Structure formats: C-alpha cells, structure tokens
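If you count the sequence shown from 1, you need to add 27 to reach the working numbering.
Beneath this line is the structure, given in structure tokens, with notes to follow.
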Amino acid sequence: MTSTIVPVIFDLDGTLVDPAGGITDGIAAALREFGIPVPSQELLDAMVGPKLSDALLTIAGVPPAKLQMVIRSYRMRYLDTGISQSRLYPGVLELLDGYAAAGRPIAVATQKPEHLAPLVLQHHKILDRFVSVQGSAVDETAAAAGPVGKTGIIAAAMADLRTQHAVMVGDRAQDVAGAIANGIDCIGVSWGFAPDGELEEAGAVAVVHDAPSLRNTIEELESVRAEAMSEVRNDGAV
C-alpha cells in the first residue's frame with residue numbers, strides 16, 4: 028500500500044445500507060404504541076441519519092418523558108425485523124470487495140448505536156471489510172461517554188485508521204459537517220435520504236449517483252492528494 032492511498036470512512040444507513048422501511052416502519056410503530064401522532068412519510072424519511080433521540084424530539088415531537096420508552100420499543104422491533112428488511116445498495120458489495128483486495132483501509136462512522144452497527148454489517152456479511160466501526164452511545168438519551176455527535180464519531184474512526192487524510196462518504200448534511208469539522212472532504216451520495224440540494228449546501232466536494240461514480244471520485248481525490256504531496260516533496264529541490 029502506498030502512502031497516497033486514502034482511507035475511506037462510510038456512513039451506514041442511506042449510504043451502504045438501504046433500510047428499506049426497517050427504520051421508518053419501526054419508528055411509526057413505536058410512536059403508535061405510545062399514542063404519538065405519526066409524521067408524514069417525508070418526515071419519517073428525514074429521521075434516517077440524524078441521531079434518533081434528536082429526530083424523535085424535533086421531528087416527531089415525542090414528549091421528553093416518553094423518549095426512552097419510544098426508543099426502547101423501536102430498538103426491539105429493529106432487532107426483530109428491521110435489520111432483516113435492510114439491503115445493500117447496488118454496487119456497494121463490489122466496491123468494498125475491491126477496496127479489500129487493494130488494501131485500502133475503510134471504516135464506518137454512524138450515529139446508529141455502537142452495538143447495532145456491527146450487527147447490520149454482519150447481517151450483510153461485510154463486517155470483516157472494516158478496520159473500524161464507530162457509532163453513538165448505546166443510551167442515546169444520555170450525554171455520551173464516547174464520541175459525541177457525527178464529528179466525534181468520525182474523529183474516532185480516523186484515530187482507528189491512524190490517519191488525518193481520510194475521505195468521508197455519506198448521504199446527509201451531518202456527514203458533511205462532521206467531515207469538515209475533522210478537516211477532511213466528504214463525498215455525498217444521492218441514493219440516501221437527503222432532500223434535493225442538502226448535500227451541496229452543506230459543502231460536499233461532490234455528489235455521486237452510483238457506486239462506480241463514487242469509486243471514480245475517490246480515485247480523483249486521491250490523485251489530487253498525490254500530486255499535492257509530490258509538489259511538497261519537490262519544493263525547493265535543486
């Protein structure tokens with residue numbers, strides 16, 4: 028592996044894995060269980076990506092007193108049926124297999140709780156491709172003892188990768204913001220849950236529409252970095 032190979036950090040839901048209703052159906056069922064009105068499908072989709080507790084409070088209007096009960100109910104349904112509903116997006120398996128064969132280090136940085144993310148990856152038989160899988164605290168209602176927010180989760184993945192020069196790949200604005208806060212670029216993917224224009228407005232260096240385009244864009248960024256490193260090495264050379 029050359030020093031110009033750039034590690035890649037992936038978001039999970041909406042980037043690698045299509046929840047296929049496993050998340051939104053579970054949220055809707057949990058809300059109904061506690062007599063809380065279910066938002067529109069558009070608003071339910073907007074809850075995929077952000078920290079669940081934040082989305083339940085701000086988008087679904089869950090009363091704080093019921094938050095932990097709603098989350099617990101949702102988690103039970105997700106473990107029972109939600110994970111099995113999910114599927115890999117087209118081209119993702121081939122992309123990850125190619126990176127494994129090439130020796131490119133890859134990681135996952137997700138706001139899904141840290142104990143659930145590996146279960147999803149294992150269900151799809153891709154867990155072993157990743158050097159690091161970082162998620163949020165198990166108790167989403169608490170001030171996390173571990174990484175805080177997407178910025179902290181990405182930072183933890185970068186620490187595991189032992190790099191300051193990764194590229195983030197995600198489908199929501201918080202992926203872009205977290206990457207920028209860590210001093211790295213973020214490539215947005217259009218097949219996830221971001222409304223039109225969200226990724227561009229957040230500052231994604233590119234927005235791609237399929238896995239081959241993602242691979243090509245990562246290679247282009249890698250080439251730019253290699254050229255920059257070469258210029259630094261040659262600066263002042265006789």
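Heads up, the beta-carbon is just placed ideally off N, CA and C, and yes, glycines get one too.
Since we're looking at a predicted model, the values are computed, not measured.
Would you mind sorting residue i into buried or exposed? The rule is 16 or more other CB atoms within 10 Å of its CB.
i: Gln201; result: buried
i: Lys139; result: buried
i: Asp198; result: buried
i: Ala92; result: exposed
i: Val251; result: exposed
i: Met195; result: buried
i: Ser80; result: buried
i: Ala255; result: exposed
i: Lys152; result: exposed
i: Glu247; result: exposed
i: Ala128; result: exposed
According to DSSP, is residue i part of a helix, a strand, or is it coil?
i: Met195; result: strand
i: Ala136; result: strand
i: Asp187; result: helix
i: Ile245; result: helix
i: Asp40; result: strand
i: Ile50; result: coil
i: Leu115; result: strand
i: Ile86; result: coil
i: Gly219; result: coil
i: Ile110; result: helix
i: Ser100; result: helix
i: Gly176; result: helix
Which residues in the same chain as residue i place their Cβ atom closer than 8 Å to its Cβ, once the five residues preceding and following it in sequence are excluded?
i: Pro46; result: Asp40, Val75, Gly109, Gln112, Ser113
i: Arg59; result: Val65
Between which residues of its own chain and residue i is the CB-CB distance below 7 Å, once the five residues before and five after are set aside?
i: Ala144; result: Leu39, Val135, Thr137, Val160, Gly162
i: Ala82; result: Met74
i: Leu70; result: Ile86
i: Gly230; result: Val203, Ile207
Please name the residue, chosen from the options, that lies closest to residue i on a Cα-to-Cα basis.
i: Met49; options: Val89, Leu115, Leu122, Thr85; result: Note that residue 49 is Gly in the sequence shown here, rather than Met. Answer by Cα proximity: Leu115.
i: Phe61; options: Gly88, Thr244, Trp218, His150; result: Gly88
i: Ile133; options: His151, Val158, Val119; result: Val158
i: Val203; options: Leu188, Ala183, Glu227; result: Glu227
i: Ile86; options: Ile98, Leu94, Val97, Ala73; result: Ala73
i: Asp155; options: Asp237, Gly130, Val165, Leu70; result: Gly130
i: Pro90; options: Ala55, Ile63, Met185; result: Ile63
i: Leu266; options: Ala238, Met185, Ile245; result: With the chain running from 28 to 265 in the structure shown, residue 266 is simply not present.
i: Ser217; options: Gln149, Val65, Pro117; result: Pro117
i: Asp95; options: Thr190, Ile54, Ala229; result: Just to set this straight, residue 95 is Gln in the shown sequence, not Asp. Of Thr190, Ile54, Ala229, the residue nearest in Cα terms is Ile54.
Give me, in chain order, the residues of the same chain whose beta-carbon lies closer than 6 Å to that of residue i; leave out the 5 immediate sequence neighbours on both sides.
i: Leu241; result: Val235
i: Ala233; result: Ile214, Thr244
What distance in whole Å lies between the Cβ atoms of residue j and residue i, which are believed to be in contact at a cut-off of 8 Å?
i: Gly205; j: Thr178; result: 4 Å
i: Ile207; j: Thr244; result: Between Thr244 and Ile207 the Cβ distance is about 17 Å, and since that is not below 8 Å, they are no contact.
i: Val97; j: Ala57; result: 5 Å
i: Val33; j: Ala193; result: 6 Å
Does any C-beta atom of chain C lie closer than 7 Å to the C-beta of residue i?
i: Leu120; result: Considering every chain present, this structure includes no chain C. It has just one protein chain.
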